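**Student:** Under our numbering, think of the first position of the sequence shown as 34, with each following residue one higher. Beta carbons are placed, not taken as given, at the ideal position from N, Cα and C, and that holds for glycine. Every value quoted in this text rests on a predicted model; they were computed, and no experiment measured them.
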Amino acid sequence: MKKEISHKREGFSSSIGVIAAVLGSAVGLGNIWKFPYVTGANGGAAFILVYLVCVALVGLPVMLSEHLIGRRTKANAVGAFQVLQPRRPWFLVGGAGVLSAFLIMAFYTTVAGWVYAYIFKAAGGALVSAKPEDTTNVFNSLVSGVGEPLFWQILVLLVIGTIIMAGVTKGIERVTKLLMPLLFILLLIIDIRSLTLPGAGAGLAFLFKPDFSKITVSVVLAALGLAFFKLSVGMGAMITYGSYVDKNENLPHMAIKVALADTLVSLMAGIAIFPAVFALGFTPDKGPQLLFIIIPAVFNSMPFGRVFMVLFFMLTAVAATGAMLSLLEVIIAYLTEQYRWTRRKATLLTILAIGLLGSTATLSNSIFAKVTVFGKTFFDFFDFTTSNILLPVGGIFIALFVGWQWGYANVKREMSNEGKLSNDGLVRLFMFLVKFIVPIAITLVLLVGLNVIHF
């Protein structure tokens, strides 16, 4: 009896908890960091419209596929496929997801560490210049160090590990129910400040007034790739979180709510950034450096800039924390269920392993700057391997599994909650997308990312 109780599976306790946790997984640095700079580099409003179409046609179907698999099996990313296809190698898809989560954490904790550090740098006055060259020096000093970036990465791992050890309900659900409203409040405060700057209208026009002449094949592919990666799909997170969802939850409605809320966060981040960028004479196409170099310079150019800069990096840390919880939970669920480890043991050993591997990414600009894997630093190698290979391949096979292997009858049964929901038309549309549109679209992203084809 004690053994059964010790391995009793947790789940989310409420619909609000489900939405908060899944949204916490989907909302991450991609919303605050990647979405704004990719939007800026690809023309603004026209790119956003293409992105929304790609979310509907590709990102949302894959996310729903993972939720369906997870809830049906009540198992981790590997175990789920073993339950549904016990004598076939589909479990390798889940294994790729676990590996992806581990490798992503190796470099994601590096960037999250920079974000945590910037909260204190902003509050302490280390980022007081409005000149990009000065903020560049601060950033370069951080990333090229040894002790400082390692300290922040370790702190990130300890924070995430502590929450994960508390469990699904008392840890993940409780924290994300607190973090997600906080994120929206912080974003709203910064949005209001950004919109009150003289000349902010140019930034709003950039975001919401589309110039369709800017839509090219490369822009469409960029939107497609972003839509896929932004919803945390292909890495086992949505299978794992889906396994904690109650059988009576309306999964299609939940997935749509999460996708809409995730897009809203991205747009709010754009409103926080672009009106200020335009109003203060900066350009929106600065790429990844937008977050750590341009944003501090922007905030230092406005009244009470330090206060709003601290708030901005706090909300960025909140977004990063929610995403890392889902990534770490993929690994912990796998270890506790497949190997019967305790949650404490699995968490401690996993964050130790991530810390050891992740230190190579953190030190890619210092001690390991000249050490490369296939011509890439450890940081870039982990990023490239997951973003360009493991996640697209995982997404393709998840779609193929649901569309062609699992089949219409099983999908309808799960999507309709055993026939309680009348959504046959939605099921048929979903099946068409995962059978044909999703695999073709993600294959294009994969081939472009590997430079197999060029446009």
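By alpha-carbon positions, which one of Leu390, Trp437, Met347 ends up nearest to leucine 466?
**Tutor:** Trp437
**Student:** Give the straight-line distance between the Cα atoms of serine 334 and methionine 198, rounded to the nearest whole angstrom.
**Tutor:** In a straight line, the C-alpha of serine 334 is about 42 angstroms away from that of methionine 198.
**Student:** On the CB-based measure, 16 or more other CB atoms within 10 Å of its CB, does valine 51 come out buried or exposed?
**Tutor:** Answer is buried; the Cβ neighbour count reaches 16.
**Student:** Measuring alpha carbon to alpha carbon, tell me which of Ala270, Ser58, Phe80 ends up nearest aspartate 244.
**Tutor:** Comparing alpha-carbon positions, the option among Ala270, Ser58, Phe80 lying closest to aspartate 244 turns out to be Phe80.
**Student:** Taking the runs of the alpha helix (DSSP H) that are 4 residues or longer, which of them lie wholly in the region 204-246?
**Tutor:** 207-228, 234-241
**Student:** Based on Cα-Cα distance, which residue from Gly130, Pro329, Val55, Gly180 lies nearest to phenylalanine 27?
**Tutor:** Because residue 27 is not part of the residues shown, which for the chain are 34 to 488, the question remains open.
**Student:** From the DSSP output, which residues share a beta bridge with lysine 409?
**Tutor:** BP columns for lysine 409 point to Val406.
**Student:** Considering only the alpha carbon of each residue, which of Ile400, Ser420, Ala442, Leu454 lies closest to isoleucine 475?
**Tutor:** Ranking Ile400, Ser420, Ala442, Leu454 by Cα distance to isoleucine 475 puts Ser420 first.
**Student:** Give me the Cα-Cα distance between valine 252 and glycine 76, rounded to the nearest whole angstrom.
**Tutor:** Taking the CA atoms as reference points, valine 252 sits about 9 angstroms from glycine 76.
**Student:** Could you give the distance in angstroms between the alpha-carbon of leucine 53 and the alpha-carbon of threonine 209?
**Tutor:** According to the sequence shown, residue 53 is alanine rather than leucine. Cα to Cα, the separation comes out at about 6 angstroms.
**Student:** Let me know the secondary structure DSSP gives glutamine 115 once reduced to three states.
**Tutor:** helix
**Student:** From this set, Ala89, Ile65, Asn484, Leu62, which residue's C-alpha is nearest isoleucine 289's C-alpha?
**Tutor:** Distances from the alpha-carbon of isoleucine 289 to those of Ala89, Ile65, Asn484, Leu62 put Ala89 closest.
**Student:** If I'm right that glutamate 270 touches serine 58 with Cβ under 8 angstroms, what's the distance once you round it to whole angstroms?
**Tutor:** The question names glutamate, but residue 270 in the sequence shown is alanine. Contact flag correct, Cβ pair sits at about 5 angstroms.
**Student:** Determine the DSSP secondary structure at tryptophan 66, reduced to helix, strand or coil.
**Tutor:** helix
**Student:** By how many angstroms is the C-alpha of phenylalanine 412 removed from the C-alpha of lysine 36?
**Tutor:** Confidence at lysine 36 is low in this model, with a pLDDT of 36, below 50, so the placement of that residue is unreliable and no value is reported for it.
**Student:** Taking the Cβ atom as the reference point for each residue, do threonine 418 and valine 192 lie within a distance shorter than 9 angstroms?
**Tutor:** no
**Student:** Any chance the region 430-447 sits against the region 480-487, with 3 or more Cβ pairs inside 8 angstroms?
**Tutor:** Proximity of the region 430-447 to the region 480-487 falls short of the contact definition, fewer than three beta-carbon pairs being nearer than 8 angstroms.
**Student:** When the Cα atoms are used, what is the spatial distance from isoleucine 152 to lysine 409?
**Tutor:** 29 angstroms
**Student:** Going straight from the alpha carbon of alanine 74 to that of threonine 143, what length do you get?
**Tutor:** 24 angstroms
**Student:** Out of Leu230, Thr395, Gly178, Lys203, which has the shortest C-alpha to C-alpha gap to glycine 44?
**Tutor:** Lys203
**Student:** In this structure, how does DSSP classify tryptophan 185 when only helix, strand and coil are distinguished?
**Tutor:** Three-state result, tryptophan 185: helix.
**Student:** With 16 other CB atoms within 10 Å as the buried threshold, where does lysine 263 fall?
**Tutor:** buried
**Student:** In the DSSP assignment, find the unbroken alpha helix (DSSP H) run with asparagine 443 in it and report its ends.
**Tutor:** 441-448
**Student:** Measuring alpha carbon to alpha carbon, tell me which of Asp295, Leu257, Tyr149, Leu324 ends up nearest leucine 479.
**Tutor:** The shortest Cα separation from leucine 479 among Asp295, Leu257, Tyr149, Leu324 belongs to Leu257.
**Student:** Drop a sphere of 10 angstroms on the beta-carbon of histidine 100, count the other beta-carbons inside from all chains shown, and report buried for 16 or more, exposed for fewer.
**Tutor:** Counting Cβ neighbours within 10 Å, histidine 100 comes out buried, since at least 16 surround it.
**Student:** Indicate whether alanine 356 and serine 449 have their beta-carbon atoms separated by less than 9 angstroms.
**Tutor:** no
**Student:** Taking the alpha helix (DSSP H) that glycine 157 belongs to, which residues open and close that run?
**Tutor:** Looking at the DSSP string, the run of the alpha helix (DSSP H) that includes glycine 157 is 124-157.
**Student:** Could you tell me the distance, in whole angstroms, from the CA atom of glycine 194 to the CA atom of leucine 183?
**Tutor:** Spanning the two alpha carbons is a distance of roughly 16 angstroms.
**Student:** Nearest-angstrom Cα distance between glycine 130 and tyrosine 141?
**Tutor:** Just so you know, the alpha carbons of glycine 130 and tyrosine 141 end up roughly 16 angstroms apart.
**Student:** In this structure, does DSSP put methionine 268 in helix, strand or coil?
**Tutor:** Coil at methionine 268, not helix or strand.
**Student:** Using only the alpha-carbon positions, how far apart do arginine 104 and lysine 280 sit?
**Tutor:** 7 angstroms
**Student:** Here's the rule: buried if 16 or more other CB atoms are within 10 angstroms of the residue's CB, otherwise exposed. What is alanine 442?
**Tutor:** exposed
**Student:** Over what stretch of residues does the alpha helix (DSSP H) that includes valine 83 continue unbroken?
**Tutor:** 78-87
**Student:** Assuming valine 71 and leucine 254 make a contact with CB atoms under 8 angstroms, what is their CB distance in whole Å?
**Tutor:** At roughly 11 angstroms, the Cβ-Cβ gap does not stay under 8 angstroms, so valine 71 and leucine 254 are not in contact.
**Student:** Note down, in chain order, each residue of its chain lying with its Cβ closer than 6 angstroms to the Cβ of valine 55, except the 5 sequence neighbours on either side.
**Tutor:** Tyr274, Val291
**Student:** Under 6 angstroms Cβ to Cβ from threonine 369, same chain only, skipping five residues before and after it: list those, please.
**Tutor:** Arg376, Ala379
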